[in-house]
Every structure is written in C-alpha cells, then in structure tokens.
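One structure is given below, encoded as structure tokens.
Numbering (our numbering), first residue to last: 1453 to 2394.
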C-alpha cells in the first residue's frame, strides 16, 4: 500500500565494526589522539539511511553482554573472536549519546544480541502493518525476510545499497522459504560466530541438502540416502547439526515491545548533537547534520522533540512530527556551536590603500620580528594565479590587507614596496602552506628570505594522522570557525565568482582573519614542537625543504608529447590483442571491466577453481590479490591482469600526462606534498609521478616520455641502492649484514648464500629472488603465508626460510622486538632524526589491529629514516647548485631517486656533487651507495 509506514532497525555493532575496519589503513584520529573511525563510520551509515530513505520510524539495536542462552547451549559460541578493539569500546558510549541527542531509540537488553531484538521488533511491527528494513551487512538476517520485512545492506566499497526481499534470499541461499536460511546456516556453520555446522558441509553441499531434503531434521532422518564418508560424518554429528541450527536461529520472542510512537523519527536536540561533534572534531558531519535539518524543517513554531511531547501535541490537535516528514508545526532548533566566529570576537582588520597609509604601514611592518602573511589569488593553481591582495598580522585579532590591482604594472609597483619585507633576513615569515605563496610571489620576482614558520607543516609533525587544513586547525586549537570561502565567492561551479569580484571590505575581513588565525596557531604550535622534541626536525629539515620543493615544482619537467601519442596507439593494439585472447579462452565476448561478468565467466562457466572467494554482496571476487594468486596456473587470468594493467597505464598516464602540461611553460609541474604520508615520505600529485609502474615493460616506457629541456641538457638520475636494507642493518647492528654491505656484496645473493647454505658463487637466480623477497618483506612483517604467495615456495618452506633467516640475522629479530617494545611503552616510534609515528593501537587487545600497529612499529622508522635522509640530500644539493650558480636543476624526487636536468658542460662536476651529498647526507655504520645514470630520457637515465 502506498502510505504503508516504514520502520528501519539498525544493527549497531555490525555497522560500527564495518565502519572501523573500512578505515583501518587510514584511521581518523583527532587532536586528542582519539581514534574516531568507528564513530565516524557508524554515523555516516546512519545519516546515509536518513538522507536516502527519509524513514518514518527508526531505532538502533545493540548487543549487551552477548547471548546468555546461546552461550549456555554451547560454551564456545563466538569464543574465537578477538577482543573488541579499544577504538570500538570507546566509541559505543559516544554513539549512544549521539543517538539519544537525536532522540533515536537505543534498544539493548542484557543477555540478548541485536539480532534477536531486531527479529522480535521486526515481526511485531509487521503485524502492525509496517514495512520493516533491517539495516545490516549480516547475511544471517535473511531468515527473517518476509513480504514486509527486508534486509537493507548498506553501500560498501563502491557498491550501492542492496535490499534483499524473498527473491534475493532465495537466490543467495538456494532456499524456497527464507526460514530455511536457518537450516543452511546450521548445516554449513558460521566461522564468524564459531557455529560448528556439519563437518565437510560447505556452501554448495548445504544448498544441495536444502534442495533435496528441505531442512536439517529431514536430512538427519534420511541419511540412508547419502553414501560414503559424508553419511558417516553426518550421522556421527547429528546432534552437532541440530545444535548448530539452534545457535543460528534468531529469536523473535524477546522481552521487547514495539511502540510506534516511541520510534517516530523526530527533531533532535541540535545543541547536544553539535556539542558531541565538536568534542569529536567532526566538522563535516556537523555540516551534514545541519543540512539535513535545513532541508526538512521550513516552518515556524516550537520544536516537539520527545515521544511524550509528540503524544500531547497530537491529542491537542497538532500534526505528525517527523525530522524528515511534512510536519507543519515543528521548527528546526537554532544551530548552536560552542565555537566563536568573527562576529563574536572584537578585532581590528584594516585595508591599506596606496599613498601615505601604505608608506606608514611598510615602516611599521619592517620593525616586526615575526609576521604572518597570506596571499589572496584568482586560482588554486599557483602557476596561473594572480594576486588579488595580501593580508598581514603580527598581533592576535589585528591585521592589515593590501589590495593588489589587476593591471600588471600597478600590481608590481605595490609588490616592490613590500619587497624589503619579503627579502628581509631578520623578519620571520609565518604562513599556512607557504609553498603556495612562495610560488605565487615568484611570478612577481619575489624570493622569500629569512626564517619561516609553516603552521601546516608544524601540525603535521605534531599530529601526522590528523588533517592539517586551516579551518580544522582553527576549530581544534582555537575553538574558532573561520569565514567559509563560499560565503564570498559561492560554491564550486560555473557561477563561482573570482576573489577579485568580492567587495574590498569582505576581502579584508576574510583575508586578514586567515592571517590572524595562522599567526595565533603558530604561537600555539611552537611549544608543542619543543615538547615533542621535533623543533629541530621542523626548522632544519622540513622548512628548508619547502623552499627546495617550490623551486622543483616551478621548474617542472619536459615531456615528449609525440612519443606518448604513439605509445597510446601501441597500447590500444596490445589491449585489443589481450581482449581477443581472453574472449577466445572464454568462448564468448563480455565486459572484462565488469567484476560480475568476469566472475561468472571464470568461476561459473570455466570453473577454474573449486571454491572461489566471494564478496560480501555474494558475487565472485575478482580483486587483484585473488586473481594474482591464480595467474600462474591459468593463462586467461594472467591475460586479464595484463589487460587491466595496460588499460590503467593508458588512462592514468599515457593519455592523461599530455593534458597536464602547463600552457604557460610547456612543461609538467607536479605538486609535492609534505603533509600526507605519516612516515615522512613525500607524495606527488597532479600528476602523481611516484606511481608510474617500473616493473613492466610498458610501464617503464612511460619514463621515456620525460626528456631534458633541450639539446644542451641530459637527464641524470641518482638512486639510493637498497637504502632501507642498509638502514635496518645499521639500526639493528646486525654484523653479518653490515659486513656484506661494507664488502660491496650483492646483499640478496649474500643472504641467499647464508640461508640456503651454499657458496656465494653457487647461488641460483631463484634463490636470490627468494632472498630478495624476504629481505624486503621482513621490513613489512612478512608471514609464511605472504612469502609463499610471493614466491614458488610452499607455506612450510616459507616458514622454514623465515626461521633460518632470523637464525642467520639474530640481531634483526631483536631489533624488531625492541621497536615493538618501545612503541608499547611510549606510544610511538621514531626515525633517525626523531620524526615520530604514533601507534595508538599498539596495546590493543584485538590481534588484527595490534598486528597492524606492530608492523608499523618496525617499518615506519625504516621508511621514515630513508625519507629523512633523501630530504637532507635534497636540501644540501639545492644549496650547492645555488651557491655555485649551476645551470643544472633538480626536477623530481621519486622515493629513493632524484632526477636532474643536467647541463652537459657541468655533467662531471654535477655527478661528483650529487654522489657526495647523497652518500654523506647522514652517517650510519653502513655505507650509503648511490647509483648514477645519464640519458636522453628518464628511462635511459634510470
């Protein structure tokens, strides 16, 4: 029926765990060091349901103390589960407080699981004429599906939401009736809940038994129709099968009562919700929360927020009150934030016009020891941006704004008056993302000199896992919300204004506020850098580096567009040839890019393996790691992987790079980011030059497109040889490995000689390859399973090899353990220069979470130290090139490699300079070794 009311019941823990693990590789950590991933994941799911479905009624159901009844039946029920991660335990009270502030019922009963509560409420609501949606990714709920009860599986990893009714459950489980899902689960068991099931019965067999016998009981009554070992196993485990069915059965008669009035979605307590989001530093969620309100509460009387108030209002003749409904009597409560804004704080922001005012301003400016400045421009791209104005501040809540005219000569005239400030060695310049300002000012022939303080970089060193943009920093550390840029120029799109179109008074308030806030943030971060013992890292490494990176980015690199066009055509031919091979092997044409179609071809039609892995949506997994494992045994899979690789190479680089040539220079200018990777490594963007494949022939060919500026130059590449292995040898003081490096031995051959117990001269290519895999794998905590996947060794052989490796290099194992112990005690590990990587999960009771932190405890100091060392080399090389007036330029940094535009007459001296500075950037008890190459393109040089 069209007006049938809908009830949404959310399975809290399933959504909380899902949200937490979705962000496990990139957890959300706020300024207090709290991992907020689980809260963020859950609230995102909640808001998505509300926004997408606009439900009439909604409740969230929690487990409490597990299932007493199931544990009594079977002591090992769920006994295999790891301890709940700390981040989730901490998250639950916050989530419940958010729900209560939103007036969404929290339903939990001691000794009951959420499944049972949801099952009971769903069946009760169905009887009252509701259409019920159980919001959960858990397949077990399929047993509850009926004409009016559905599973609502949230969107995940690019897949949209799925709603499972009776046909979907029939298809997924091979059943006639949804309640037979209980028999299916009882037969095959459930590893996640430690339900044993019948031995030897998997997905296919369970479906066959359901088709043949209909139920567990009927199967057990007809075992004479089975044969061989299967019959023996099932007869011997009949009781286990019946017990498993009981354990898998969701109870629908719990001591909970569905009350439609209580479950109506109503207007929340906006102040309380926002206060919690403020505490958690959920800026975007707060904005989403407010937008949900403003879209749905257009009216004008006092908000009714509690079930009892709603009841009284209805009895007095009021309308229905629903947050997303059509209430005519409710009003959105005024959005309250604990943060100050520009209207709350007395401030003096002045614009300075040409003439006497400008002269007096500059005189005052040049007397200051430390000044924050911020440019306002016409574009986010510094290569095309022109100045609209510059803001200055050197005292909290005070500042000045210099508008810059559009006409070039007039603009330059004003900039010349400011030149003494920018080029003063005595005045410290403060900014947020100073690299951008440096690049913009270069167009006006200004080079910034003197000490610099970049608040974005400072905060990155203090709290590398958090976001570092100014609005977040202001809200987090100053309890202040800046003016949004959209208030001045509108939202992104074709109607967005330029900053030059904004009235001067608005420009002044906005721009000076930015400079004022950044000045205040710098004062806040100075003592924190000292306290964390990273002030030296900030002042002597990261700040000098931002000048080096600005120069490299401005320089850009030359690109052979014609070569890329011809390579694109070759790739087209290769891709079509691979496509034909795949179609021939498959016996039909299909969309290779469709995971669903590909899975059906490989695993339904060709039946390449017996038990293919499936995704949570029930379709076959064709992910890279799944197919890579099968590629050596099946040519069609290798062809598909090759096809994917070439298609990605073509779209990401070969076709995209020519589009990224800057028209004003004719070169490609990547943007290096210092504040992204927690390890300290630089990342590259627009275009990303650090991910160009180097292991495949076609991938390597892309490097041919990068060429010198002209015939008087060549490209020179300088690459640290095995720097991470050298660092781990040095830090662990592993004598055997150190000696191999000192003697100039091939470290992989040397390792192979020792672990396989053969003379160095008799090491085979395969042995060296296996040793290389384990050498690098140790840094990342490789397991026997991981090693066997990367080599031709079995798991047992891999385990034996790892054990032998550690016996060969005993100090390495001790070092690894010492890093983990240090992290457990201090909560962080550090590089040779003291860069910290905080590991908040290092003492987690959850083995998966703790294991990831332990691996980071080992590899972060190694990766980070390598990053620190190449940064030192870059600063020193740049300084020497500048001091000695070299024509040669440093262009690119890609992991352990630097690329230069080398002026041919300088080549010999340049090689010596680069090799010397890179190899002596940092003193270890292992020699650093740099390999140099020269060529007419990057591939030749590499």
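No residue lacks a Cβ here, since even glycine has one placed at the ideal position from N, Cα and C.
Of 1870, 1554 and 1666, the smallest CA-CA separation from residue 1738 is found for 1554. Per DSSP, reduced to three states, the secondary structure at residue 1683 is helical.
Looking at the backbone, the Cα of residue 1975 and that of residue 2015 are separated by about 51 angstroms. DSSP places residue 1727 in the uninterrupted alpha helix (DSSP H) bounded by 1722-1732. Secondary structure note for residue 1583: it is in no alpha helix (DSSP H), and the uninterrupted beta strand (DSSP E) holding it is 1583-1587. Per DSSP, the continuous alpha helix (DSSP H) segment holding residue 2013 begins and ends at 2013-2038. When only Cα atoms are considered, residue 1518 and residue 1564 end up about 6 angstroms apart.
Annotation for residue 1633: 1594, 1595, 1621, 1625 and 1627 place their beta carbon closer than 7 angstroms to its own, counting only its chain and skipping 5 residues before and after. Counting only runs of at least 3 residues, the segment 2100-2165 fully encloses the following beta strand (DSSP E) elements, listed from N- to C-terminal order: 2123-2125 and 2135-2137. The beta carbons of residue 1911 and residue 1930 sit no closer together than 9 angstroms. Closest by C-alpha distance to residue 1703, out of 2351, 1802 and 1592, is 1592. If you look at residue 1458, you'll find it in the beta strand (DSSP E) that goes 1458-1463. For residue 1632, no alpha helix (DSSP H) encloses it, and the DSSP letter there is neither H nor E. Looking from the CA of residue 2040, the closest CA among 1884, 2047 and 2031 belongs to 2031.
Look at residue 1822 here: in three-state DSSP terms it is strand. In this structure, residue 2003 and residue 2330 form a Cβ contact; the two beta carbons are roughly 7 angstroms apart against a cut-off of 8 angstroms. For residue 2353, no alpha helix (DSSP H) segment is defined; the enclosing uninterrupted segment is the beta strand (DSSP E) at 2349-2355.
Residue 2310 and residue 1602 have their C-alpha atoms spaced approximately 46 angstroms apart. Between residue 2183 and residue 2284, the CB-CB gap stays under 9 angstroms.
For residue 1526, the three-state secondary structure derived from DSSP is coil. Residue 2271 counts as buried, since no fewer than 16 other beta carbons sit within 10 angstroms of its beta carbon.
With fewer than 16 neighbouring CB atoms inside 10 Å of its own CB, residue 2087 falls in the exposed class.
DSSP, read as helix, strand or coil, puts residue 2334 in helix. The C-beta distance from residue 1641 to residue 1630 rounds to 19 angstroms, too long to meet the 8 angstroms contact threshold.
In the structure shown, residue 1905 adopts extended strand secondary structure according to DSSP, grouped into three states. Excluding its 5 nearest sequence neighbours in each direction, residue 1490 has C-beta neighbours in its own chain below 7 angstroms: 1468, 1471, 1472, 1539, 1540 and 1543, listed in chain order. Residue range 2199-2207 is occupied by the alpha helix (DSSP H) that includes residue 2205. Here residue 2220 is buried, its C-beta having at least 16 other C-beta atoms within 10 Å. Taking one beta carbon from each stretch, the segment 1795-1802 and the segment 1818-1834 have fewer than 3 pairs nearer than 8 angstroms; the two do not touch. Measuring C-alpha to C-alpha distances from residue 1498 to each of 2250, 1574 and 1588 identifies 1588 as the nearest. Residue 1982 sits exposed, since fewer than 16 C-beta atoms from the chains shown fall within 10 Å of its C-beta. By the neighbour-count definition (other C-beta atoms within 10 Å, threshold 16), residue 2210 is an exposed residue. When rounded, the separation of the alpha-carbon atoms in residue 2164 and residue 2347 is 27 angstroms. Under the three-state reduction of DSSP, residue 2278 is assigned to helix.
Listed in chain order, the non-local C-beta contacts of residue 2019 below 7 angstroms within the same chain comprise 2106 and 2153, local neighbours out to five positions each way being set aside.
Contact between residue 2017 and residue 2158 does not hold, since the beta-carbon distance rounds to 15 angstroms and is not under 8 angstroms.
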